[in-house]
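In this note's numbering, the protein residues as written are 676 to 1013. For each residue, glycine too, the CB sits at the ideal point set by N, CA and C. This structure is a prediction, so every number in the text was calculated from the model and none was measured. Some notes on the structure that comes next.
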Amino acid sequence: MKPTHASLPLRVAGEGQDGGTFRVLPPVSCPQPSALSPQSVFLQLGEFPISIGPGKIHLRGPKMKKTSYCLLLSVLACAGASAQTAELTLTRLDCAAPNPTPSDVARFSDTYAYQDKKVQLTASCYLIKHGSDYLIWDTGYPTKESGLAQGNAPTVQTPIVQHLAKLNVKPEQIKYIGVSHYHGDHIGQAGSFPASTLLIGKGDWDALTAAQPAAGVNPAPVKHWVSGGGKVESVPKDKDIFGDGSVVMLDMPGHTPGHHSLLVKLKEKGTVLLTGDLAHFHENYDSNGVPSFNTSRHETLASFDRFKAMAKNLKATVIIQHDARDIDKLPAFPAAAK
Ligand SMILES: [Zn+2]
676 MKPTHASLPL RVAGEGQDGG TFRVLPPVSC PQPSALSPQS VFLQLGEFPI
726 SIGPGKIHLR GPKMKKTSYC LLLSVLACAG ASAQTAELTL TRLDCAAPNP
776 TPSDVARFSD TYAYQDKKVQ LTASCYLIKH GSDYLIWDTG YPTKESGLAQ
826 GNAPTVQTPI VQHLAKLNVK PEQIKYIGVS HYHGDHIGQA GSFPASTLLI
876 GKGDWDALTA AQPAAGVNPA PVKHWVSGGG KVESVPKDKD IFGDGSVVML
926 DMPGHTPGHH SLLVKLKEKG TVLLTGDLAH FHENYDSNGV PSFNTSRHET
976 LASFDRFKAM AKNLKATVII QHDARDIDKL PAFPAAAK
């Protein structure tokens, strides 16, 4: 990130004699803005403890002269500016099996809605870059080499690590892998990122780590984390991943007990909502269709209600991860939405 010049009106709360609104002049250069967390940071400058949060700097301490305030603000404005301008991009990574053909989708309705219907399905993973941090959302089908595909389940055509190599991103640079849910087409390549913190809904984590996992719950692709070898954070509700509201895991249970969708607030494109498997294709989304294999019908319907209200309020682009018709809602790889 380039040095940021700060000339921001800042509201100062505190006990200083000149507390009020200041414009920081002259602009100053930030030496190392990338070293600052986008979340609130706390530091001590001389005898003055200072906390910085989005849009607010709080000075606690004895009275200070206005010139002291301005000097401090010149430095702190850099933190504020860099905190609010972390670069955010979203790239779709194809995680589909080779040569997908239109699929029979009858099983995606428990009301016999799609008896003779075929839909071109895909599988999508996403790379999200936030400042210098990377998150991968969903890890797709497993590779053939991993031996993790069960029965005649598909394997991925191009492994995520190969996509990343084209972007000059190494697996160890991925800070988080967030998964919408525990199904094998979403956690298949998690094992390629052993150094990453696994973010997963609490209901799903509990299912994976149960003494006797239920039918359809296969912890093998995430055994590195289940066995205690990797860092994991089970997410009970929503999770603001980077602390600035730009990337949020949304609690959308029903497909599985801890299923999540993902909100990504991009500066140019606006808000994008990635469904996870809340819905699998357009007709499924439009009619609030509940697959016969979901873990809870009423939770699915409540999640549809919340998700659609959120999409409307935020004027979001909704991307159904499995629907091939939604692939071009994002720029074609390797380009990223900003
Ligand atoms: Zn899926």
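Where residue i falls: helix, strand or coil (DSSP)
i     : result
I916  : coil
K906  : coil
H856  : coil
V794  : strand
A1012 : strand
H997  : coil
S871  : coil
K987  : helix
G863  : coil
T975  : helix
V780  : coil
T760  : coil
L953  : coil
K845  : coil
D1003 : helix
D980  : helix
G891  : coil
K850  : strand
T766  : strand
From the options, residue whose alpha carbon lies closest to that of residue i
i    : options                     : result
L810 : L1005, K1013, A954 and V854 : V854
D813 : L989, L953, A865 and S902   : A865
Q996 : T760, R767, E762 and M927   : R767
W880 : V910, I852, K793 and G904   : V910
F979 : Y857, Y789 and L949         : L949
G806 : K983, K819, G918 and H934   : G918
D952 : K990, K940, I994 and A986   : I994
R782 : A886, I849 and Q790         : Q790
F956 : N774, S778 and H858         : S778
A870 : G822, K906 and G859         : K906
A984 : S971, M927 and L823         : M927
F968 : A954, R981 and A977         : A954
A761 : G920, Y851 and G859         : G920
C800 : A788, V780, A772 and Y787   : A772
L796 : E943, V780, L802 and L842   : V780
Supposed close pair residue i, residue j - CB separation, criterion 8 Å
i    : j    : result
A798 : G815 : 5 Å
W900 : L873 : 5 Å
D785 : P966 : 7 Å
V836 : S867 : 5 Å
A991 : T764 : A991 to T764, Cβ: 17 Å. No contact.
Terminal residues of the alpha helix (DSSP H) in which residue i lies
i    : result
M927 : Run containing M927: none; DSSP gives neither H nor E here.
K841 : I835 to K841
H957 : H957 to D961
A882 : K877 to L883
V901 : K898 to V901
The beta strand (DSSP E) enclosing residue i, as first and last residue numbers
i    : result
S936 : H935 to L941
K819 : Unbroken run through K819: none, as it is neither H nor E.
D808 : D808 to W812
K804 : S799 to H805
- Message: For the structure I just gave you, are there three or more beta carbon pairs, one from the stretch 998-1005 and one from the stretch 961-973, closer than 8 Å?
- Response: no
- Item | At least 3 beta-carbon pairs within less than 8 Å: the stretch 873-892 vs the stretch 919-934 | yes
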